[in-house]
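So the protein lines, in turn, are chains A and B. Under my numbering, the first residue of the first sequence carries the number 482, and numbering increases by one thereafter. Under my numbering, the first residue of the second sequence carries the number 482, and numbering increases by one thereafter. What follows is a set of notes on a single structure, which appears directly below.
Number of protein chains: 2
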Amino acid sequence: MDITTCAQKCKDASTSMAALPATIKNQALEHIKDVLLKNGNRIAKHNTADIQKAKKDQLDAPLIKRLKFDSDKIAESCDGIDSLIKLPDPVGVTLKATLLDKGLELYKVSRPIGVIGVIFESRPDALVQIAALCLKSGNAVLLKGGSEAAGTNRILADLIHDAGVRSGLPDGWLVLLERRDQVTRMLALNDFVDLIIPRGSNAFVKLIMDNTLIPVLGHADGICHIYVDSKAEADMALQICTDSKCQYVAVCNAAETFLIHEKVAANFLPQLKKQMDKHGVTIYGCKKTCAIISCDQATQAHWQTEYLDYKVSVKVVGSLKNAISHINRYGSGHTDVIVTADKQRAVQFMDHTDTANAFWNCSSRFADGFRFGLGAEVGISTNKIHARGPVGLEGLMIYQWRLIGNGHKVADYSGPCARAYLHTELNLSFKGDA
Amino acid sequence: MDITTCAQKCKDASTSMAALPATIKNQALEHIKDVLLKNGNRIAKHNTADIQKAKKDQLDAPLIKRLKFDSDKIAESCDGIDSLIKLPDPVGVTLKATLLDKGLELYKVSRPIGVIGVIFESRPDALVQIAALCLKSGNAVLLKGGSEAAGTNRILADLIHDAGVRSGLPDGWLVLLERRDQVTRMLALNDFVDLIIPRGSNAFVKLIMDNTLIPVLGHADGICHIYVDSKAEADMALQICTDSKCQYVAVCNAAETFLIHEKVAANFLPQLKKQMDKHGVTIYGCKKTCAIISCDQATQAHWQTEYLDYKVSVKVVGSLKNAISHINRYGSGHTDVIVTADKQRAVQFMDHTDTANAFWNCSSRFADGFRFGLGAEVGISTNKIHARGPVGLEGLMIYQWRLIGNGHKVADYSGPCARAYLHTELNLSFKGDA
Numbered sequence: 482m483d484i485t486t487c488a489q490k491c492k493d494a495s496t497s498m499a500a501l502p503a504t505i506k507n508q509a510l511e512h513i514k515d516v517l518l519k520n521g522n523r524i525a526k527h528n529t530a531d532i533q534k535a536k537k538d539q540l541d542a543p544l545i546k547r548l549k550f551d552s553d554k555i556a557e558s559c560d561g562i563d564s565l566i567k568l569p570d571p572v573g574v575t576l577k578a579t580l581l582d583k584g585l586e587l588y589k590v591s592r593p594i595g596v597i598g599v600i601f602e603s604r605p606d607a608l609v610q611i612a613a614l615c616l617k618s619g620n621a622v623l624l625k626g627g628s629e630a631a632g633t634n635r636i637l638a639d640l641i642h643d644a645g646v647r648s649g650l651p652d653g654w655l656v657l658l659e660r661r662d663q664v665t666r667m668l669a670l671n672d673f674v675d676l677i678i679p680r681g682s683n684a685f686v687k688l689i690m691d692n693t694l695i696p697v698l699g700h701a702d703g704i705c706h707i708y709v710d711s712k713a714e715a716d717m718a719l720q721i722c723t724d725s726k727c728q729y730v731a732v733c734n735a736a737e738t739f740l741i742h743e744k745v746a747a748n749f750l751p752q753l754k755k756q757m758d759k760h761g762v763t764i765y766g767c768k769k770t771c772a773i774i775s776c777d778q779a780t781q782a783h784w785q786t787e788y789l790d791y792k793v794s795v796k797v798v799g800s801l802k803n804a805i806s807h808i809n810r811y812g813s814g815h816t817d818v819i820v821t822a823d824k825q826r827a828v829q830f831m832d833h834t835d836t837a838n839a840f841w842n843c844s845s846r847f848a849d850g851f852r853f854g855l856g857a858e859v860g861i862s863t864n865k866i867h868a869r870g871p872v873g874l875e876g877l878m879i880y881q882w883r884l885i886g887n888g889h890k891v892a893d894y895s896g897p898c899a900r901a902y903l904h905t906e907l908n909l910s911f912k913g914d915a
Numbered sequence: 482m483d484i485t486t487c488a489q490k491c492k493d494a495s496t497s498m499a500a501l502p503a504t505i506k507n508q509a510l511e512h513i514k515d516v517l518l519k520n521g522n523r524i525a526k527h528n529t530a531d532i533q534k535a536k537k538d539q540l541d542a543p544l545i546k547r548l549k550f551d552s553d554k555i556a557e558s559c560d561g562i563d564s565l566i567k568l569p570d571p572v573g574v575t576l577k578a579t580l581l582d583k584g585l586e587l588y589k590v591s592r593p594i595g596v597i598g599v600i601f602e603s604r605p606d607a608l609v610q611i612a613a614l615c616l617k618s619g620n621a622v623l624l625k626g627g628s629e630a631a632g633t634n635r636i637l638a639d640l641i642h643d644a645g646v647r648s649g650l651p652d653g654w655l656v657l658l659e660r661r662d663q664v665t666r667m668l669a670l671n672d673f674v675d676l677i678i679p680r681g682s683n684a685f686v687k688l689i690m691d692n693t694l695i696p697v698l699g700h701a702d703g704i705c706h707i708y709v710d711s712k713a714e715a716d717m718a719l720q721i722c723t724d725s726k727c728q729y730v731a732v733c734n735a736a737e738t739f740l741i742h743e744k745v746a747a748n749f750l751p752q753l754k755k756q757m758d759k760h761g762v763t764i765y766g767c768k769k770t771c772a773i774i775s776c777d778q779a780t781q782a783h784w785q786t787e788y789l790d791y792k793v794s795v796k797v798v799g800s801l802k803n804a805i806s807h808i809n810r811y812g813s814g815h816t817d818v819i820v821t822a823d824k825q826r827a828v829q830f831m832d833h834t835d836t837a838n839a840f841w842n843c844s845s846r847f848a849d850g851f852r853f854g855l856g857a858e859v860g861i862s863t864n865k866i867h868a869r870g871p872v873g874l875e876g877l878m879i880y881q882w883r884l885i886g887n888g889h890k891v892a893d894y895s896g897p898c899a900r901a902y903l904h905t906e907l908n909l910s911f912k913g914d915a
């Protein structure tokens with residue numbers, strides 16, 4: 482099938498998806514779980530073939546590792562589906578209700594977005610997770626996976642799609658694209674795809690963001706800062722710096738830069754150095770930092786580097802204001818932390834820092850959908866509209882205004898004898914049952 | 482000043498704008514009102530010059546009419562500012578609060594988006610309105626108006642910017658761009674501009690949407706449908722069709738197509754024809770329509786035409802499902818209405834129609850921020866993310882996650898002795914005062 486036909490099919494399916502009752506969606510999720518568990522051997526066969534081909538093609542070891550989709554991964558995916566089943570249906574929730582006039586009721590009701598385009602690199606677990614998230618939220622999904630995982634993705638997509646259709650989902654609710662050139666063409670399908678979610682490296686996400694008019698939900702860099710204020714408790718600051726940098730270095734919410742107020746630098750930096758040494762973290766310091774502790778000198782480039790490694794940039798700043806300016810200039814609007822005992826300064830930091838997650842006296846590593854208790858994580862967004870920070874199912878939702886009248890006309894509300902609007906809040910939910 | 486410098490200045494100002502207390506913002510709005518009222522003569526002088534130049538350049542009469550910004554327009558603009566002052570501050574509202582663990586509190590707090598880019602055609606009132614909306618919502622604003630209104634826009638921008646600065650707003654909170662080539666350059670400023678709001682003709686809005694990676698809030702077409710169901714009360718359907726089409730034809734929420742269920746067509750169409758004749762509306766009907774009433778035959782092109790005029794397309798459809806398919810294919814996702822006495826069919830219509838405003842038994846003309854009681858209207862959006870339908874100040878807002886701990890580290894929540902998260906809802910608002 483040509484890509485426009487695929488996309489049209491997915492778009493057509495999206496209107497039925499949007500109208501599905503919660504029971505059908507949950508049954509479909511149960512069926513998908515069953516089918517994945519029952520077809521472990523078939524999936525393994527395809528996955529082994531993908532891995533063998535990758536080895537033959539001499540792909541990098543970490544990439545081959547990410548390719549693996551064995552019974553443990555299936556079990557993990559099914560756990561994820563289980564927790565989705567337990568969540569309330571995000572579709573059809575009344576967000577606001579207003580009585581415009583007698584018998585004229587306005588409801589703002591949550592609705593699925595429509596067609597979600599997902600482009601992901603090798604990890605096949607991403608396919609299962611995103612398909613389940615789209616299903617639960619009543620969206621149709623157009624998927625494009627990495628060519629290395631082609632066999633695994635194909636069997637997973639077929640199993641999931643068909644289990645869904647057998648449970649009452651419309652044919653075409655999930656469409657897998659398989660040719661590499663289809664990514665570029667998908668990015669141009671603004672008439673059919675309503676939102677793109679990219680899953681992969683920073684460079685990959687950036688490439689997608691820069692090449693489509695379709696809204697993209699996600700983040701490229703995660704250059705997170707810990708600012709140790711003049712009013713910080715040294716021991717707390719030390720622990721937060723260590724956790725934020727060292728607890729797991731390869732993730733977007735790990736700290737990449739420490740900003741240290743000059744009043745506490747002489748005392749704090751040697752302790753920080755000791756901790757970083759203990760964890761094998763290399764420090765790239767500004768001139769002032771280098772004058773206090775022994776470390777490599779940072780260049781301009783270090784302030785805009787996301788290491789994802791046992792490396793950290795350190796800068797001494799003259800004021801809270803300077804710390805904020807540095808973050809707003811070099812940060813990526815992901816997660817930024819202030820350590821201080823002074824609430825007023827903490828609030829000033831949060832009010833002025835242009836970031837999705839503004840934290841006070843805790844680790845940057847908490848920036849995560851699971852830790853936030855969102856139930857399911859669609860991704861982490863550094864966008865300035867729609868959804869920001871860790872995004873749960875609400876990132877896959879929009880709303881519809883539903884106005885219910887009894888023959889009401891605008892003409893009656895204009896001119897010299899115009900009726901007035903009431904505009905009173907209604908404590909009611911939109912009820913779909915007759 | 483070069484455009485990147487302008488945009489950088491605006492971006493810098495946006496962080497201070499985001500942190501302003503409500504009192505300062507309301508005082509600034511009061512000052513702006515005063516300044517506009519006191520400088521009526523100066524504004525009139527510049528506006529007269531613009532109009533004289535437009536006449537000399539032989540611009541179209543409707544365009545010249547829209548250019549006019551006299552004392553009536555000033556008074557109208559000031560009324561708008563007054564109603565904005567009365568609205569609660571949209572910044573800093575706690576949208577959600579969760580206790581993650583003892584002493585670890587998560588707040589989702591409303592925040593301004595940042596820099597709003599506004600591109601508008603000749604109407605200078607748009608400048609005043611959008612500047613006031615951005616101010617109230619704590620956003621900085623980069624404006625580009627039509628060259629015909631250059632003098633009026635310049636004096637208005639200067640007066641408004643300076644009145645704001647005198648009230649405590651940061652320098653550069655409002656920047657007016659004046660060269661035509663700057664529109665194209667503004668559309669490429671994704672590092673500085675967070676959201677674009679275009680105000681003008683459909684073609685103008687479409688051009689902007691198709692040429693920028695920056696999110697755009699707005700709508701191009703407004704091809705609104707009225708579907709008269711087999712279960713519709715004929716008299717109510719007639720009144721709704723008439724109000725939706727004829728109450729004011731030149732607006733986006735006016736109806737452009739009537740879909741009539743075949744069971745009622747023979748009875749309903751002659752009555753509809755009589756009403757349309759009375760209002761001087763030309764009907765373009767499908768073959769079946771033409772067989773029942775005398776009218777011009779519609780071609781494929783009519784289903785996708787927004788007339789904004791005394792013209793309407795009429796189609797006989799075989800079922801509710803066909804009506805929905807027609808709307809999903811040819812509609813613009815703006816406003817679509819079902820007239821029916823059957824609730825189940827109305828819900829089916831709303832659940833399956835991909836539209837921002839799904840109405841039941843009332844006129845499409847109600848799709849409007851004022852009528853919805855939103856307090857202020859930023860625009861009407863047909864987007865599938867962020868904001869949809871009539872958009873109030875919340876369209877200029879995003880949120881920030883604020884996590885407040887007491888030295889909390891992620892390491893304590895992992896491994897064999899991991900602490901568990903509580904994830905209990907907090908009935909608290911984030912308080913900024915120390």
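We put the CB at the ideal spot given by N, CA and C, even for glycine.
Buried or exposed by the 16-neighbour rule on C-beta atoms within 10 Å, applied to residue i
i, result
"residue 605(A)", "buried"
"residue 720(B)", "buried"
"residue 705(B)", "buried"
"residue 586(A)", "buried"
"residue 724(A)", "buried"
"residue 551(A)", "exposed"
First and last residue of the uninterrupted beta strand (DSSP E) at residue i
i, result
"residue 576(B)", "575-582"
"residue 623(A)", "621-625"
"residue 597(A)", "596-601"
"residue 680(B)", "676-680"
"residue 664(A)", "Careful: residue 664(A) lies outside any beta strand (DSSP E), inside the alpha helix (DSSP H) at 662-668."
"residue 707(A)", "705-709"
"residue 795(B)", "792-798"
"residue 712(B)", "From DSSP, residue 712(B) is part of no beta strand (DSSP E); its letter is neither H nor E."
"residue 655(B)", "655-658"
Element boundaries [alpha helix (DSSP H), containing residue i]
i, result
"residue 690(B)", "683-690"
"residue 546(A)", "542-548"
"residue 751(B)", "743-759"
"residue 497(A)", "484-499"
"residue 567(B)", "552-567"
"residue 516(A)", "503-519"
Contacts around residue i, its chain only, beta-carbon distance under 8 Å, and the 5 residues preceding and following it disregarded
i, result
"residue 682(B)", "602"
"residue 775(A)", "754"
"residue 510(A)", "562, 565, 566, 613, 616, 617"
Which residues DSSP lists as bridging residue i, in chain order
i, result
"residue 720(B)", "Its beta-bridge partners do not exist; DSSP assigns none."
"residue 642(A)", "Beta-bridge pairing links residue 642(A) to no other residue."
"residue 590(B)", "575(B), 881(B)"
"residue 740(A)", "708(A), 796(A)"
"residue 697(A)", "677(A)"
Same chain only: Cβ atoms within 7 Å of residue i, ignoring 5 sequence neighbours per side
i, result
"residue 763(A)", "777, 791, 792"
"residue 583(A)", "none"
Any non-hydrogen atom of the ligand NAD closer than 7 Å to residue i Cβ
i, result
"residue 596(A)", "Among the components modelled here there is no ligand, and therefore nothing to report on the ligand NAD."
Contacting residues, own chain, Cβ-Cβ under 6 Å from residue i (five flanking each side not counted)
i, result
"residue 769(A)", "797"
"residue 910(B)", "575"
"residue 497(B)", "651"
"residue 686(A)", "679, 699, 701"
Start-end ranges of the beta strand (DSSP E) lying completely within the stretch 758-786 of chain B, minimum 3 residues: 763-766
Return the chain-ordered ranges of every alpha helix (DSSP H) run that is complete within the stretch 811-893 of chain A and spans a minimum of 4 residues. 824-833, 850-853
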